[in-house]
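Read in order, the letters of the sequence shown correspond to residues 22 to 352 in the working numbering.
Data first, discussion second: the structure below is written as structure tokens.
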Amino acid sequence: MNASRPIWVYIELNEGRPKPVASELIFAARHLATANGAPVEAFVCARVGGYDADSLKALGADRVHVLQGDDFELFNSQIIRQALAERIEQGKPLAFLLASNNHGKELGAALSAQLLTGYAGDCVGLEMSAQGLSVKRPIYSGKAYATTLLKGEGAHILTLRANVFRPDSADESKVESELICEELPTLKDTIALIVKEVIAGSGDLDITEARVVVSGGLGMQNAENFKLLEELAHTLGGAVGASRPVVDNGWRDYSNQVGQTGRTVSPDLYIACGISGAIQHQAGMSASKCIVAINSDPHAAIFSIAHYGIVGDALTVVPLLNEEFKKILNS
Numbered sequence: 022m023n024a025s026r027p028i029w030v031y032i033e034l035n036e037g038r039p040k041p042v043a044s045e046l047i048f049a050a051r052h053l054a055t056a057n058g059a060p061v062e063a064f065v066c067a068r069v070g071g072y073d074a075d076s077l078k079a080l081g082a083d084r085v086h087v088l089q090g091d092d093f094e095l096f097n098s099q100i101i102r103q104a105l106a107e108r109i110e111q112g113k114p115l116a117f118l119l120a121s122n123n124h125g126k127e128l129g130a131a132l133s134a135q136l137l138t139g140y141a142g143d144c145v146g147l148e149m150s151a152q153g154l155s156v157k158r159p160i161y162s163g164k165a166y167a168t169t170l171l172k173g174e175g176a177h178i179l180t181l182r183a184n185v186f187r188p189d190s191a192d193e194s195k196v197e198s199e200l201i202c203e204e205l206p207t208l209k210d211t212i213a214l215i216v217k218e219v220i221a222g223s224g225d226l227d228i229t230e231a232r233v234v235v236s237g238g239l240g241m242q243n244a245e246n247f248k249l250l251e252e253l254a255h256t257l258g259g260a261v262g263a264s265r266p267v268v269d270n271g272w273r274d275y276s277n278q279v280g281q282t283g284r285t286v287s288p289d290l291y292i293a294c295g296i297s298g299a300i301q302h303q304a305g306m307s308a309s310k311c312i313v314a315i316n317s318d319p320h321a322a323i324f325s326i327a328h329y330g331i332v333g334d335a336l337t338v339v340p341l342l343n344e345e346f347k348k349i350l351n352s
């Protein structure tokens, strides 16, 4: 019964272009669709004309539905939920995939509640078998993983962790997506009205999607010294993170916080600068593919999970690292 049901994904835009995590969502959807023999369809919500058509056509989905309207000028989960829920009920996809970021989690939970379907967040594995669709998710703050077989007809609402569902190499066989545009009328009966969007943090790159994260702890000594981390992150094309004590002290915004009570990241490279490595912080970054720890305390807990460790003052080591990286990248 599930053999021909499509896999759908929700794509967020940044200045009219798909966010980097979009390619991972499409790749994961294609993985399921290949086993399922079904098409992959993407949905985008944008203001009228507020999207780059060429970048959407290059996504690799079979079809990209562009829902346009004045209501989509800023992210409003209530309005987007109404638009998508109606189409999910009509199209009956087997699964609907979103990024496991703030917007994706909020929208995914809202869709699940309205459609009365199952929701699984922060998935790091998806498999289709004769028994159905199973998902792999971290539990107990990342200390273990649980694999769950999803029951029911769906649509199963799933959010996927960034930097996990990436192809080993570029897919040269991708065909141009068919673009289907639809203009929606302005809704008059919305409960929540978003009047302004304020983006706080370091740059435009979300730390949950960054492939390089440079994080700082109390060892950075004050907010001013985080400029060193910003410079290193800029050199490496990454984002700046922080431990909870740093955020509690007001040195960085909460959107930068990595840990059990903050954001969960899984970049290719995580550089921990002046971070002791409390278990709460490890819960948010232990899945990083390569961890480099810089700490003046040789017995700091962060070294127990680091792949590479540097015993020294982060204020001295970070500028040296930045200069060396610049030399290598410029050469």
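Even glycine gets a Cβ: it sits at the ideal position worked out from N, Cα and C.
- Between residue 185 and residue 169, the C-beta gap is not smaller than 8 angstroms, which leaves the two residues out of contact.
- Separation of residue 232 and residue 79 (C-alpha to C-alpha, rounded to the nearest whole angstrom) is 21 angstroms.
- The C-beta distance from residue 311 to residue 237 rounds to 18 angstroms, too long to meet the 8 angstroms contact threshold.
- Excluding five sequence positions before and after residue 279, the CB atoms of its chain that fall closer than 8 angstroms to its own CB belong to 228, 234, 236, 262, 263, 264, 285, 286, 302, 305, 306, given in chain order.
- The residues 290, 291, 292, 293, 327, 328, 329, 330, 331, in chain order, have a CB closer than 8 angstroms to that of residue 313 in the same chain once the five nearest residues on each side in sequence are set aside.
- Take the alpha-carbon of residue 127 and the one of residue 259: they are about 25 angstroms apart.
- Our two residues, residue 320 and residue 149, have alpha carbons roughly 44 angstroms apart in a direct line.
- Going by C-alpha positions, residue 336 is about 23 angstroms away from residue 288.
- Each of 51, 205, 308, 133 was checked against the Cα of residue 188, and the nearest Cα belongs to 51.
- Using a Cβ distance threshold of 8 angstroms, residue 113 and residue 56 do not count as a contacting pair.
- The Cβ atoms of residue 204 and residue 85 lie no closer than 8 angstroms to each other.
- In the three-state DSSP reduction, residue 262 falls in the strand class (E or B).
- Rounded to the nearest angstrom, the gap between the Cα atoms of residue 153 and residue 208 is 37 angstroms.
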